[in-house]
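*Asks:* Chains as they are written, first to last, in this note's numbering: chain A, 1 to 142; chain B, 1001 to 1464.
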């Protein structure tokens, strides 16, 4: 009986699903790469960096969008990482989308919004991922 | 500041802040009103929604009639009226610009919805009205296997065609309905990327030089300045040697060139940059000064610096010439020709401009042919609608491109959406105009093709 009870409790406190983990871990370097490319364009005035930034952010947004959907399922399952994780991902997605639109402007028109937004979105993505992975510890114990 | 405003709007997640509903400002003429640049997170876009002409016709002024003289063409762009009255039509679609950003992949199909789905012909068609009754009963393929031909010019017996990648020459004999052989290459034209691929062309009055308009490779340097070598310029080419020089620079997309009759002065219709708001930047009509710089990309309408261009060039900005005459922002002027007395009183002295119509504007503009009156060799007065009714209640029936004045008293308009050639004539011939050159033997009456019976139907329905 005791063993069964333990197993039940273990299931309720779910660790992050590997697919969700993959999405979170993937979007961070993409957003961060976008930020670095924005910075490179700002300092070199070489347009190719801006193209790179656009694609990196688009890639990050695909992962972020799927992760957001995962986090909505997570809300209904009642496990970790929960509401805060969803809200962090939502903020990342909304600002990331605006950032993608900003990057759709031509040449230098993306500044200064692009650099500021890339910085904020990268920070949000890191926090969301960190917070998401923190769920492992809670799941493994007890 | 506008940037601050945009950023504030962005963070407030007002996603679709657009500039829609802005009333049209008086932005014609020599001193257009230039508002501050503005752009929402998305550019304002209203794409033409194509419809069939059916029994509908473009609208022309009282005293004029319009007929479709050729239909079912393969994207007609520019036309040339030959000395015997035959009309050559350049058909095709060019451009090979790679998609650079996610934006290009999304915007491409959206903009394509406003154009014809027909495959470009890459050919020249010849239209002939042998008996001068206003019906062009003969339609033949003059030359095939060209590469997106656009600019056309006849100098003596040499017919020059500006393909999107090269200037070529055919030997032309009056009365020919088909070229006698393959064209000879005169000169290569800049064709890498070819974002703006159309190569407009006209010849100097003495026939010694050809002028070729070469558009920029981007809206506003988003492909980098290395892509803009030999772009946004008008070349002067010596057809005897193929040598060229940059005649004028900084003209973003000089889509039509013409010489003002009675002068040596070259004029150009130029398409200006997008995504600075609904009332920026005016497309324009200007005389082209040899050695002149007209602003692109660093500035527009003289010294208005475009902040999207980096690095900037203050010396170039200082030297930028203000164009002569604003046609309105986003109208997409693609055709230009000067009128003749035979076109009739109010439209005898001035320039016809074909306006393909806007995409980057909540309230569509263009989609018509306007007449810009001239006095003493300069534009004088507001543009007057000459052919309109292409875009009615959200449906687009046609989009004008090239306009050519037939010296016998007719305006030829190429429509690249309905793939039609329109011909506008005064209902009563203005003057018994003598032909500028003898008609070819086959033409029984090349002198007065417009003298059709008044009771005859004013138009032939184009077959959809």
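By construction, the Cβ of each residue, glycine as well, lies at the ideal position given by its N, Cα and C atoms.
For the putative contact between residue 30 of chain A and residue 63 of chain A, defined by C-beta atoms under 8 Å, what is the C-beta separation to the nearest angstrom?
*Replies:* 7 Å
*Asks:* For the region 1265–1289 of chain B, list every residue whose C-beta sits within 8 Å of some C-beta in chain A, in sequence order.
*Replies:* 1275
*Asks:* Out of B/1073, B/1084, B/1043, state which residue places its alpha-carbon closest to the alpha-carbon of residue 1107 of chain B.
*Replies:* With distances taken between CA atoms, residue 1107 of chain B lies nearest to B/1043 out of B/1073, B/1084, B/1043.
*Asks:* Looking only at its own chain, which residues have a Cβ that is under 8 Å from the Cβ of residue 1444 of chain B, when we skip the five neighbours before and after it?
*Replies:* Because residue 1444 of chain B carries a pLDDT of 36, less than 50, the predicted location of this residue cannot be relied on, and the following value inherits that uncertainty. Contacts found: 1130, 1131, 1132.
*Asks:* Can you tell me where the alpha helix (DSSP H) holding residue 41 of chain A begins and where it ends?
*Replies:* 18–44 is the span of the alpha helix (DSSP H), which, as asked, contains residue 41 of chain A.
*Asks:* From this set, B/1267, B/1392, B/1209, which residue's C-alpha is nearest residue 1353 of chain B's C-alpha?
*Replies:* Of B/1267, B/1392, B/1209, the residue nearest in Cα terms is B/1267.
*Asks:* Residue 1311 of chain B versus chain A: which residues are under 8 Å apart at the beta carbon?
*Replies:* 45
*Asks:* Compare the C-beta of residue 106 of chain A with all C-beta atoms of chain B and state if any pair is closer than 8 Å.
*Replies:* yes
*Asks:* By Cβ distance below 6 Å, which residues in the same chain neighbour residue 1308 of chain B in space, the five residues on each side in sequence not counted?
*Replies:* Counting only Cβ-Cβ distances below 6 Å, and skipping sequence neighbours, we find 1220.
*Asks:* Is the region 1236–1254 of chain B close to the region 1052–1066 of chain B, with three or more CB pairs under 8 Å?
*Replies:* no
*Asks:* According to the Cβ coordinates, are residue 1416 of chain B and residue 1028 of chain B closer than 8 Å?
*Replies:* Contact flag unset, no.
*Asks:* Can you tell me whether residue 1087 of chain B is helix, strand or coil according to DSSP?
*Replies:* strand
*Asks:* Do we get a CB-CB distance below 8 Å when we pair residue 49 of chain A with the residues of chain B?
*Replies:* no
*Asks:* Please classify residue 1275 of chain B as buried or exposed, where buried requires at least 16 neighbouring CB atoms within 10 angstroms.
*Replies:* buried
*Asks:* Per the DSSP calculation, residue 1079 of chain B is bridged to which residue(s)?
*Replies:* B/1089
*Asks:* State the Cα-Cα distance for the pair residue 1166 of chain B and residue 1187 of chain B, rounded to the nearest angstrom.
*Replies:* 6 Å
*Asks:* So for residue 1099 of chain B, helix, strand or coil by DSSP?
*Replies:* coil
*Asks:* Checking 8 Å against the spacing of the C-beta atoms, do residue 1337 of chain B and residue 1413 of chain B come in under that value?
*Replies:* no
*Asks:* Would you tell me roughly how many angstroms separate the C-alpha atoms of residue 1128 of chain B and residue 48 of chain A, rounded to the nearest one?
*Replies:* 51 Å
*Asks:* Let me know the beta strand (DSSP E) ranges lying completely inside the region 1232–1312 of chain B, each 3 residues or longer, listed in chain order.
*Replies:* 1233–1238, 1243–1249, 1253–1259, 1266–1271, 1282–1287
*Asks:* Counting only Cβ-Cβ distances shorter than 8 Å, please list the residues of the region 1217–1234 of chain B near chain A, keeping chain order.
*Replies:* 1218, 1219, 1220, 1221, 1222, 1223, 1224
*Asks:* Is it right to say residue 105 of chain A is buried, meaning 16 or more other beta carbons lie within 10 angstroms of its own, or is it exposed?
*Replies:* Buried is the label assigned to residue 105 of chain A, since at least 16 other Cβ atoms lie within 10 Å of its Cβ.
*Asks:* How is residue 1439 of chain B classed by DSSP in three states: helix, strand or coil?
*Replies:* Residue confidence is low: residue 1439 of chain B scores 40 on pLDDT, short of 50, so the model does not pin down where it sits. Its coordinate-derived value is still stated next. Residue 1439 of chain B falls in the coil class under three-state DSSP.
*Asks:* Can you tell me which of B/1374, B/1345, B/1392, B/1377 puts its alpha carbon nearest to the alpha carbon of residue 1425 of chain B?
*Replies:* B/1345
*Asks:* Taking DSSP's pairing of strands, which residues face residue 1213 of chain B in a bridge?
*Replies:* Answer by DSSP bridge pairing, in chain order: B/1200, B/1234.
*Asks:* Can you list, in chain order, the residues of its chain whose CB lies under 7 Å from that of residue 1105 of chain B, leaving out five sequence neighbours each side?
*Replies:* 1099
*Asks:* Looking at residue 1285 of chain B: is its Cβ nearer than 8 Å to the Cβ of residue 1334 of chain B?
*Replies:* no
*Asks:* Return the Cβ separation of residue 1374 of chain B and residue 1351 of chain B in integer angstroms, given the expectation that the two are a contact with Cβ distance under 8 Å.
*Replies:* 6 Å
*Asks:* Sorted by chain position, which residues of the same chain lie with C-beta nearer than 6 Å to residue 1233 of chain B's C-beta, five sequence neighbours on each side aside?
*Replies:* 1214, 1246, 1249
*Asks:* Could you name the residues that DSSP lists as bridge partners for residue 1139 of chain B?
*Replies:* B/1127
*Asks:* With a threshold of 8 Å between beta carbons, is residue 1252 of chain B in contact with chain A?
*Replies:* For residue 1252 of chain B, the answer is no, since every Cβ of chain A falls outside 8 Å of its Cβ.
*Asks:* Is residue 1428 of chain B buried or exposed, if buried means 16 or more other CB atoms sit within 10 Å of its CB?
*Replies:* exposed
*Asks:* Quick check: the Cα distance between residue 143 of chain A and residue 116 of chain A, rounded to an integer number of angstroms?
*Replies:* Only positions 1 to 142 of chain A appear in the structure, and residue 143 of chain A is not among them; the question remains open.
*Asks:* Would you call residue 1395 of chain B buried or exposed, if buried means 16 or more other Cβ atoms sit within 10 Å of its Cβ?
*Replies:* exposed
*Asks:* Roughly how many angstroms lie between the CA atoms of residue 119 of chain A and residue 128 of chain A, to the nearest whole one?
*Replies:* Taking the CA atoms as reference points, residue 119 of chain A sits about 14 Å from residue 128 of chain A.
*Asks:* Please state the DSSP three-state secondary structure of residue 130 of chain A.
*Replies:* helix
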